[in-house]
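In this note's numbering, the protein residues as written are 16 to 433.
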Amino acid sequence: MFKDLKTEALNYHEFPTAGKIATHVTKPCTTQAELSLAYTPGVAAPVREIEADPDTAYRYTGKGNLVGVITDGTAVLGLGDVGPLAGKPVMEGKGVLFKRFADVDVFDIEVEADSTEDFIDTVARIASGFGGINLEDIAAPRCFEIEKTLIERLDIPVFHDDQHGTAIIICAGLLNALEITGKPLAEARIVCLGAGAAGIASMRLLLKLGASAENIYMIDRKGVISTSRDDLNIYKQEFAVATDRVTLADAMQGANVFIGVSGPNLVNEAMLASMAEQPIVFALSNPDPEISPALAHQVRDDLIMATGRSDHPNQVNNVLGFPFIFRGALDVRARAINSEMQIAAVNGLRALAHEPVLPEILATYCKESLEFGPDYIIPTPFDPRLMDFVPPAVAQAAVDSGVARTGFPKHYKPAPHL
């Protein structure tokens, strides 16, 4: 795509203005009268209203459409612990995607915090000005405690996208793939390579959707997470199974599903060949998958495959989720993004993949045709109907589960169902 990606990327970020996001003023301020309304003395009126009733901040400030994208820089993309400042381009990028896909405003905040407690305290102290918090690029297992504690302390949605955003897209694609193969989720034997934020959150969500805990084999650097191991943290212990299988190769034998959220080239031909008929392979390590699509299709002609890459079918891309999930949550002034809302997002994405693909989407991807099937189990990020399928589903689930401050938005169409 680019002759010199590094140079192109650096130029993109530097010119004509440094960085990727900025703020803009939403009200006129060109006359003395407008200045008096925007600041003193007029601004005192909404201040007093909010002091008397904090919920009126949604009426008189930008809180209701503002998300804080917050990181400590400990797990930035595939680059690791680069620190909060070096993570800022990614946080700005997240802001671009929020605005471009769902018209959600973002302030990106990079926090210097040596301890988990300091990070939590910092976020909690600044949270009141936001409609929601998107935690980003925070290393496991620290991320689990951070998110859990902030959810308990705050009355706005707190969402760690590396966990739940990834999980939602994986589950939507996997349920559609299982539908194609005719395998019920409850009966599917699933191997998850990677026991970090994405892996654990994905398996938790699959359990809520009906997967069997006995059929999930989670693999970390030391092999299968089993009840015989005494080196597991509390998060991995959730997925310990009683088994004699020790290695990834052991776990892959007869498996129906492989989900990789780990590293490149960790799955070989023999492992793939040992899987059950019509295997489903989600090799999501980026940019290099756990097994290359070319090799995978060479070994098995009956598989359904997804990757994290845009140059192969079935891209598992978090941009399908977080902008639209927050859009739905913000539009009902939700106090949280709960499991019901996450499952609603899964079902919204699933449903959209069953719809006829728009001509403009075919043109964007240089395709003559595309329809629900092995090469199309997940919608594309540029499908404009994502706004019609995901936010209404999330908003309805928020209302139904009691975390919404308002009713279902009047300007929304009813949430589509699969």
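In this text, a Cβ means the ideal position worked out from N, Cα and C, and glycines have one as well.
So is residue i buried or exposed if we call it buried at 16+ other beta carbons inside 10 Å?
i           : result
residue 426 : exposed
residue 178 : buried
residue 294 : buried
residue 252 : exposed
residue 183 : buried
residue 50  : exposed
residue 364 : buried
residue 384 : exposed
residue 168 : exposed
residue 397 : exposed
residue 94  : exposed
residue 100 : exposed
residue 219 : buried
residue 282 : buried
residue 381 : exposed
residue 417 : exposed
residue 191 : buried
residue 405 : buried
Tell me the DSSP bridge mates of residue i?
i           : result
residue 284 : For residue 284, which the question treats as bridged, DSSP gives no partner whatsoever.
residue 207 : 233 and 274
residue 125 : 86
residue 54  : According to DSSP, residue 54 bridges with nothing at all.
residue 320 : 296
residue 149 : 84 and 174
residue 391 : 388
residue 241 : 256
residue 120 : 81
residue 98  : Beta-bridge pairing links residue 98 to no other residue.
residue 268 : Its beta-bridge partners do not exist; DSSP assigns none.
residue 91  : 95
residue 330 : 322
Am I right that residue i and residue j are in contact with their C-beta atoms under 8 Å? What's the rounded C-beta distance?
i           : j           : result
residue 437 : residue 256 : Residue 437 lies beyond the range of the chain shown here (16 to 433); nothing can be said about it.
residue 68  : residue 350 : The pair is not a contact, with the Cβ atoms about 16 Å apart (cut-off 8 Å).
residue 394 : residue 401 : 6 Å
residue 53  : residue 44  : 5 Å
residue 79  : residue 348 : 6 Å
residue 276 : residue 214 : 5 Å
residue 435 : residue 329 : The question about residue 435 has no answer, for the chain in this structure spans 16 to 433.
residue 200 : residue 193 : 6 Å
residue 30  : residue 23  : So it is not a contact: roughly 11 Å between Cβ atoms.
residue 102 : residue 88  : 4 Å
residue 270 : residue 290 : 5 Å
Beta-carbon within less than 7 Å of residue i's beta-carbon, same chain only, minus the 5 sequence neighbours each way: which residues are those?
i           : result
residue 137 : 126 and 128
residue 229 : 256
residue 428 : 403 and 407
residue 250 : 156, 159 and 215
residue 336 : 180, 183, 184 and 360
residue 314 : 284, 287 and 288
residue 75  : 61, 64 and 65
residue 131 : 157, 160 and 161
Excluding five sequence neighbours on each side, which residues of the same chain lie with their C-beta closer than 6 Å to the C-beta of residue i?
i           : result
residue 65  : 71 and 72
residue 323 : 299, 301 and 331
residue 304 : 298 and 322
residue 124 : 83 and 85
residue 278 : 300
residue 327 : 308
residue 81  : 120, 145 and 146
residue 372 : 385
residue 390 : 328
residue 421 : 347 and 348
Taking a contact to mean a Cβ-Cβ separation below 8 Å, would you say residue i touches residue j in this structure?
i           : j           : result
residue 174 : residue 149 : yes
residue 180 : residue 107 : no
residue 152 : residue 210 : no
residue 105 : residue 342 : no
residue 2   : residue 358 : The structure shown has nothing for residue 2, since the chain only spans 16 to 433.
residue 234 : residue 266 : yes
residue 306 : residue 280 : yes
residue 410 : residue 355 : no
residue 225 : residue 262 : no
residue 338 : residue 117 : yes
residue 195 : residue 388 : yes
residue 424 : residue 366 : no
residue 227 : residue 274 : no
residue 188 : residue 376 : no
residue 292 : residue 317 : yes
residue 154 : residue 96  : yes
Is residue i near the ligand MG, judged by its Cβ being under 7 Å from some heavy atom?
i           : result
residue 278 : No copy of the ligand MG occurs in the structure displayed, which carries no ligand at all.
Between residue i and chain D, is the shortest Cβ-Cβ distance under 8 Å, so that the two count as touching?
i          : result
residue 38 : Among the chains of the structure shown, chain D does not appear; only one protein chain is present.
Please go through the same chain and pick out, in chain order, the residues whose beta-carbon is closer than 8 Å to the beta-carbon of residue i, but skip the five residues on each side of it.
i           : result
residue 57  : 51
residue 28  : 34, 35 and 104
residue 165 : 135, 138, 139, 142, 148, 150 and 173
residue 222 : 228 and 231
residue 41  : 77
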